[in-house]
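Enquirer:
Okay, here's the thing in structure tokens:
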């Protein structure tokens with residue numbers, strides 16, 4: 123149900139986005155939202171093609187008099203990150219989002235909003251359904267499975283595309299034009315430990331909540347708290363500790379914000395455990411950013427039948443302590459908040475003695491990532507971890523001589539009397555992959571302002587949607 127104050131204009135954009143929020147679309151489960159796109163195309167008499175991966179290209183004929191213009195690809199992904207707070211009952215496979223408008227921002231009630239990249243996809247559909255938009259021949263490309271490793275773009279059948287100009291609508295800062303993005307890769311790690319019966323000792327359940335979490339690319343420089351690293355820091359000094367269960371993290375591209383751990387320690391330690399917990403929270407609040415100051419760490423008694431022994435527990439905590447996380451280097455050419463190289467310690471699970479860990483890294487220059495990769499794989503060997511590499515993806519190298527960029531800057535200045543910032547982004551846009559598949563394509567990326575992507579605090583700045591739409595329409599008319 124729409125909130126009473128849900129935005130009304132631009133009507134086509136907001137209506138399509140509302141339908142996206144009411145249609146479940148987790149990664150690899152985009153069937154329903156893809157059908158919505160196809161229904162919209164067929165209602166307008168537009169042809170479409172779908173490749174074996176499930177990516178869709180809708181062909182839209184040029185407005186009268188613009189048939190001889192170059193074909194423009196408008197590219198977005200259909201899936202969304204599915205993260206919620208622990209107190210929110212929500213099934214992303216079946217439930218619509220509950221929207222709310224507060225102080226000029228659109229968000230969802232304790233879940234991700236999916237404005238990344240649903241607002242861009244809605245704008246692409248609006249171009250198709252709004253008869254007032256003048257445009258050249260269009261190919262609306264909707265990819266799948268972007269958020270779990272850019273699988274849709276990696277497996278795209280590029281023969282479906284003929285355009286030589288591409289507009290990607292998947293960046294999150296209005297008044298900025300993007301001409302480059304990071305590449306990336308990652309790994310999954312596993313190891314089996316002996317899980318021994320607990321003959322004596324007290325069981326405890328540790329819960330961490332209230333960290334902000336966020337996007338492991340565009341927010342990695344914000345030094346947000348990582349629930350995995352903080353939990354290990356607390357547990358590292360508990361005497362006689364034996365770990366039983368760990369469940370922290372949701373996806374490779376999300377900074378982990380909350381989790382649960384159960385452990386056993388010698389009887390009579392409650393006062394020490396509680397005191398140490400208060401000390402750690404005070405320490406964390408002394409250096410974590412303000413958005414993380416809502417951190418809550420609680421202990422409760424727990425019945426535990428089996429756990430790792432003390433030696434294996436210490437080894438696991440040493441592993442987490444040694445694991446790199448965060449920005450590793452910054453760009454020498456761009457502003458100080460542009461990270462060149464980073465790594466995210468994303469997921470840690472332990473159950474019945476089985477360990478699973480996932481970590482991902484991002485780069486602009488892949489050669490720069492080699493020492494980091496070597497360091498991680500050295501840790502894996504030292505701690506006897508089985509390694510499964512994730513599929514990597516290339517970066518999009520900035521082209522400051524791009525004719526589309528020159529045109530885009532001039533148009534932005536004309537419309538808004540503001541010179542847009544030209545940037546690269548430390549996130550894995552699909553542009554790098556698509557540029558590799560179609561080297562002749564000239565690409566520009568832009569979008570409205572979104573904050574907190576990949577976290578339950580994701581929100582869309584409503585005031586930036588109208589100028590974003592005006593700019594998209596004017597650029598299509600100008601090409």
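In the working numbering, the protein residues as written are 123 to 601.
For every residue, glycine included, the Cβ atom is placed at its ideal position computed from N, Cα and C.
Note that the structure is predicted; figures quoted are calculated from it, not measured.
From 243, 543, 404, pick the residue whose C-alpha is nearest to that of residue 147; which is it?
Expert: 243
Enquirer: Please state whether the Cβ-Cβ distance between residue 356 and residue 303 is less than 7 Å.
Expert: no
Enquirer: Residue 277 to residue 175, Cα distance in whole Å?
Expert: 6 Å
Enquirer: Within 10 Å of its beta-carbon, does residue 409 have 16 or more other beta-carbons around it, so buried, or fewer, so exposed?
Expert: exposed
Enquirer: Taking the beta strand (DSSP E) that residue 195 belongs to, which residues open and close that run?
Expert: From DSSP, the beta strand (DSSP E) with residue 195 extends over 194-199.
Enquirer: Cα separation between residue 498 and residue 450?
Expert: Using only the alpha carbons, I get a separation of about 13 Å.
Enquirer: Give the range of the beta strand (DSSP E) segment to which residue 560 is assigned.
Expert: Here residue 560 belongs to no beta strand (DSSP E), and DSSP marks it neither H nor E.
Enquirer: By the 10 Å Cβ neighbour count, where 16 or more other Cβ atoms means buried, how is residue 361 classified, buried or exposed?
Expert: exposed
Enquirer: Using only alpha-carbon positions, find the residue among 517, 581, 580 that is nearest to residue 300.
Expert: 517
Enquirer: By DSSP, does residue 277 sit in helix, in strand, or in coil?
Expert: coil
Enquirer: Under a three-way DSSP split, which group does residue 486 fall into?
Expert: DSSP, reduced to helix, strand and coil, places residue 486 outside both helices and strands of the structure shown, so it counts as coil.
Enquirer: Out of 232, 213, 215, 214, state which residue places its alpha-carbon closest to the alpha-carbon of residue 221.
Expert: Checking every option, the nearest Cα to that of residue 221 belongs to 232.
Enquirer: Residue 313: buried (16+ other C-beta within 10 angstroms of its C-beta) or exposed?
Expert: buried
Enquirer: What does DSSP give as the partner residue(s) for residue 317 in the beta ladder?
Expert: Note: residue 317 sits in no beta bridge, so no partner.
Enquirer: Would you mind sorting residue 126 into buried or exposed? The rule is 16 or more other CB atoms within 10 Å of its CB.
Expert: exposed
Enquirer: Could you check what DSSP says for residue 162 in three-state terms: helix, strand or coil?
Expert: For residue 162, the three-state secondary structure derived from DSSP is helix.
Enquirer: Going by beta carbon distance, what residues of the same chain come within less than 7 Å of residue 453, once the five residues before and after it are set aside?
Expert: 460, 462
Enquirer: In whole angstroms, give me the CA-to-CA distance for residue 248 and residue 137.
Expert: 9 Å
Enquirer: Where does residue 310 fall in DSSP's three states?
Expert: strand
Enquirer: Do you know offhand how far residue 192's Cα is from residue 506's?
Expert: 55 Å
Enquirer: Is the Cβ-Cβ distance between residue 246 and residue 198 less than 7 Å?
Expert: Yes, they are a contact pair.
Enquirer: Please classify residue 484 as buried or exposed, where buried requires at least 16 other C-beta atoms within 10 Å of its C-beta.
Expert: The residue in question, residue 484, is buried, as its Cβ has 16 or more Cβ neighbours within 10 Å.
Enquirer: Select from 124, 574, 160, 597 the residue whose C-alpha is nearest the C-alpha of residue 567.
Expert: That would be 597, whose Cα lies nearest to the Cα of residue 567.
Enquirer: Which residue's Cα is closest to the Cα of residue 275: 579, 550, 580, 578?
Expert: 550
Enquirer: Any idea what DSSP makes of residue 591, helix, strand or coil?
Expert: helix
Enquirer: So the candidates are 380, 407, 375; which of them puts its Cα closest to the Cα of residue 448?
Expert: 375
Enquirer: What three-state label does DSSP hand residue 325 in the structure shown?
Expert: strand
Enquirer: By DSSP, does residue 250 sit in helix, in strand, or in coil?
Expert: helix
Enquirer: Which class does residue 127 belong to by DSSP, given the choice of helix, strand or coil?
Expert: Coil.
Enquirer: Between residue 263 and residue 195, which are expected to be in contact by the criterion C-beta below 8 Å, what is the C-beta distance as a whole number of angstroms?
Expert: 5 Å
Enquirer: Please classify residue 440: does DSSP put it in a helix, a strand, or coil?
Expert: Three-state DSSP puts residue 440 in a helix.
Enquirer: Given that a residue counts as buried once 16 or more other Cβ atoms are within 10 Å of its Cβ, and exposed if not, what is residue 208?
Expert: By the C-beta density criterion, residue 208 is exposed, having fewer than 16 other C-beta atoms within 10 angstroms.
Enquirer: At what residues does the beta strand (DSSP E) containing residue 136 begin and finish?
Expert: Note, residue 136: premise wrong, no beta strand (DSSP E); alpha helix (DSSP H) at 133-143.
Enquirer: Determine the direct distance from the alpha carbon of residue 537 to that of residue 592, and round the result to whole angstroms.
Expert: 9 Å
Enquirer: Buried or exposed for residue 210, please, with buried defined as at least 16 other CB atoms from any protein chain shown within 10 angstroms of its CB.
Expert: exposed
Enquirer: What number of angstroms, rounded off, separates the C-alpha of residue 486 from the C-alpha of residue 188?
Expert: One C-alpha to the other measures close to 37 Å.
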